[in-house]
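Notes for the one structure printed next.
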């Protein structure tokens, strides 16, 4: 389970909290379809009293499991549990194939809870150089997930996925994609 810092409390010792201490909140199974970013109340209870503040919750850009394989027509990849939308970019070695004459087809499907599944295939002959299928977030312009597709990753073989910059690991670990932003701080 991923825990996300909610706030840095700046309160005096009378409340039994060390100033600038990290407090954590656990959010599970948050889905993009809800669209309700708050504000939510965070409450600190101690034997010296209670304090609270209001903060919005916003789902960060993320991608769950990435699958890549090599078909008879060329490499293909699928990004599951994507939020928000993104664009697939294909690389062959250090060359960006997405901006060139290479033909690729990308489809997007909205699934349960508002999560996107993005599938892309590249029409390219087999090569000893691996292909890199990368997902670029439409929100930040950063690459948030990728997978290398080697010649040995045939349609009957196992797919290989690599972790991305925002640490989205494994299928349906959607709670890893939570970002908590402060709206109001305590005085």
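Numbering (this note's numbering), first residue to last: 2 to 188. Even glycine gets a Cβ: it sits at the ideal position worked out from N, Cα and C.
Beta-carbon proximity list for residue i, same chain, < 6 angstroms, skipping 5 on both sides
i: residue 64; result: 80, 83, 136, 145, 146, 169
i: residue 67; result: 80, 146, 148, 162
i: residue 90; result: 99, 135, 137
i: residue 132; result: 76, 93, 150
Other residues of its chain near residue i: CB distance less than 8 angstroms, five sequence neighbours each side excluded
i: residue 44; result: 51, 52, 53
i: residue 128; result: 93, 152
i: residue 139; result: 85, 86, 87, 88
i: residue 74; result: 122, 124
i: residue 157; result: Here the model assigns residue 157 a pLDDT of 41, short of 50, so the residue's position is not dependable, and the following value carries that caveat. There are no such residues.
i: residue 130; result: 93, 94
Beta-carbon spacing of residue i, residue j below 8 angstroms
i: residue 142; j: residue 32; result: no
i: residue 78; j: residue 69; result: yes
i: residue 151; j: residue 124; result: no
i: residue 107; j: residue 95; result: no
Whole-angstrom C-beta distance between residue j and residue i, which should lie under 8 angstroms
i: residue 57; j: residue 40; result: 5 angstroms
Residues of its chain near residue i, where Cβ-Cβ distance is below 7 angstroms and the 5 sequence neighbours each way are ignored
i: residue 34; result: 114, 115
i: residue 111; result: 117
Cutoff 8 angstroms: residue i Cβ touching any chain D Cβ
i: residue 77; result: Structure shown: chain D not included; a single protein chain is present.
**Asked** Enumerated in chain order, which unbroken segments of the alpha helix (DSSP H) with a length of 4 residues or greater are wholly contained in the region 97-135?
**Response** Runs of the alpha helix (DSSP H) inside the region 97-135: none found.
List in chain order: all unbroken beta strand (DSSP E) runs of 3+ residues lying wholly within the region 43-89. You should have 50-56, 58-60, 67-72, 75-83.
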